[in-house]
Amino acid sequence: MFTDYFFPELGGIQDSIATISRALALRGYQVDIYAPAYGASDYRRIGAPMRERDLGDRVRVRRRPSLPFPSSTRQSRAALPSPIGPAILAKKARPDVIHVHSFFGIGLEALLNGRFLKIPVIGTNHTTVAGFRGHMPVSVARAAAYVTWFYNHCAYITAPSRSVFEELGLAKLRRPHGVVSNPIDTGLFKPLPAGERDALRARFGLTGPTITYAGRLGPEKNIEVLLQAVAALRHRGVVTELAIAGHGSHEPLLRTLAADLGIDGVVRFMGTLPQRNLAQLLQISDTFAMMSTSETQSMVLLQAMASGVPVVAAASRALPEFVGPGNGILVDPDDPAALARVLDDLLAAPEQRLRLGSGGRTSAEKFAVETVTDEWETLYRSVLQGSVAA
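Those letters in the sequence shown? Residues 0 to 389, by numbering that gives the first Met the number 0.
What follows is the structure, given as structure tokens:
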């Protein structure tokens, strides 16, 4: 596994790589993860000790020297590809398959390794280029052309949703490709047993109906719309709390906006939560809301669905592929008034919340860790045998 994003930086890509690596290791595979080295401040930011996560005896993490790189997580690192990477890989642990999850420095090293050592490279694109236009020093067209060039040098291309391929342009992809979901831990993220909700809510300090958002606090996540909708609800006399879990560069602006809207008393910034605590927060939420316009799938959205929580999501990019009438509600991400109306109706309809939550659980079970690991195992073998097809 080669990735420019990994722990202690938090996000869906990092969770997906760690989860799949652990699952493959439990099936007897040796998995080596090549990732940037992070500084002590990156571990302090999430309240974690400066050591590798325990992903099992068969998972090794190999770090590359790196420098801080500006991003909304304030944790991203830029690592330069090693010119002697192929020699190091051949000597240390020559793999059967290389799986690259990003297209920057370490991603380029993956392509070099594959080319010089004659090892098949599977490339997964987790990112929408246009969704991060504000972070890019070049035009969207130039960035997309580079991303397409990168993945056309892989033996097989995957993405967690169809929208990723459609945005790049299916006609421009010269390699076989297909959708493979990120894995969801449906054993951790599951509905809360009856009778435990009140006690758990008290532990989180939540007293009223709760809307939850979890994820990176960056401009591409469009969290301002959610704050504006909550303010509209309060003006209607609807009693609700908004729990926001995560960290990022946009947090000071969001805190200021909450105060300006007069809702800082009902908006709870929970900080970055460990997975177990995030699962608990989702379990006690009345609904999960996400107005992000940059999602290629959204693991936390699926985690909320796996927890039996009704979801309200932006009708943008990949989210409509996963949210429909049976498990949630789609809303225009630029219309806080419409979002407020949907949330108002949903909070007042416990039977609808129960129906959508149950539908969400059923939907999320299709992306369980074992199911997705089966898909990866089959794909790795097919690539090795040269039998993959678009």
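Cβ coordinates follow ideal geometry from the N, Cα and C atoms, glycine included. For clarity, every value in this text was computed on a predicted model and none was experimentally measured.
Check	Outcome
Could you tell me which residues DSSP puts in a beta bridge with V266?	L241
Could you tell me which uninterrupted beta strand (DSSP E) segments, each at least 3 residues in length, are contained entirely in the stretch 47 to 132, listed from first to last along the chain?	58 to 63, 65 to 67, 76 to 78, 97 to 99 and 120 to 123
Quick one: residues in its chain with C-beta nearer than 7 angstroms to the C-beta of P309, no 5 flanking neighbours on either side, listed in chain order?	T286, G327, L345, R352, L355, G356 and G359
Which whole-angstrom value describes the C-beta separation of A244 and A213, a residue pair presumed to lie in contact below a C-beta threshold of 8 angstroms?	4 angstroms
If you run the structure through DSSP and keep just helix, strand and coil, what is H390?	Here the chain has residues from 0 to 389 only, and residue 390 is not among them.
Just to check my reading of the structure: V58 and A24 have Cβ atoms closer than 8 angstroms, yes? What is that Cβ distance to the nearest angstrom?	5 angstroms
In the DSSP assignment, the beta strand (DSSP E) including D31 goes from what residue to what residue?	V30 to P35
Report the start-end ranges of each beta strand (DSSP E) in the stretch 282 to 319 that is 3 residues or longer and not cut off at the edges.	286 to 289 and 310 to 313
If you draw a straight line from the C-alpha of V330 to the C-alpha of T126, how long is it?	22 angstroms
Can you tell me where the alpha helix (DSSP H) holding T361 begins and where it ends?	P349 to A363
Using a 10 Å radius around the Cβ and a threshold of 16 neighbouring Cβ atoms, would you call S297 buried or exposed?	buried
Please state whether DSSP places L329 in a helix, a strand or coil.	strand
Would the beta-carbon of I105 fall within 8 angstroms of that of Y33?	yes
Would you call V179 buried or exposed, if buried means 16 or more other Cβ atoms sit within 10 Å of its Cβ?	buried
Assuming the contact rule is C-beta atoms closer than 8 angstroms, R275 and L187 should be a hit. Round their C-beta distance to whole Å, please.	7 angstroms
Apart from the five residues just before and just after P394, which ones in its own chain have a Cβ nearer than 6 angstroms to its Cβ?	The displayed coordinates of the chain run from 0 to 389. Any statement about residue 394 would go beyond what the structure contains.
Is Y4 helix, strand or coil by DSSP?	coil
So does the stretch 249 to 256 actually touch the stretch 309 to 324, counting three or more Cβ pairs closer than 8 angstroms?	no
Need the endpoints of the beta strand (DSSP E) that T206 sits in, please.	Where T206 is concerned, there is no enclosing beta strand (DSSP E), given that its DSSP letter is neither H nor E.
Rounded to the nearest angstrom, how far is the Cβ of G270 from that of H249, given a contact under 8 angstroms?	About 14 angstroms; that fails the 8 angstroms criterion.
Locate the alpha helix (DSSP H) running through G177, then write down its first and last residues.	Per DSSP, G177 belongs to no alpha helix (DSSP H); it is in the beta strand (DSSP E), H176 to V178.
Mind checking whether P85 and S65 have CB atoms under 8 angstroms apart?	no
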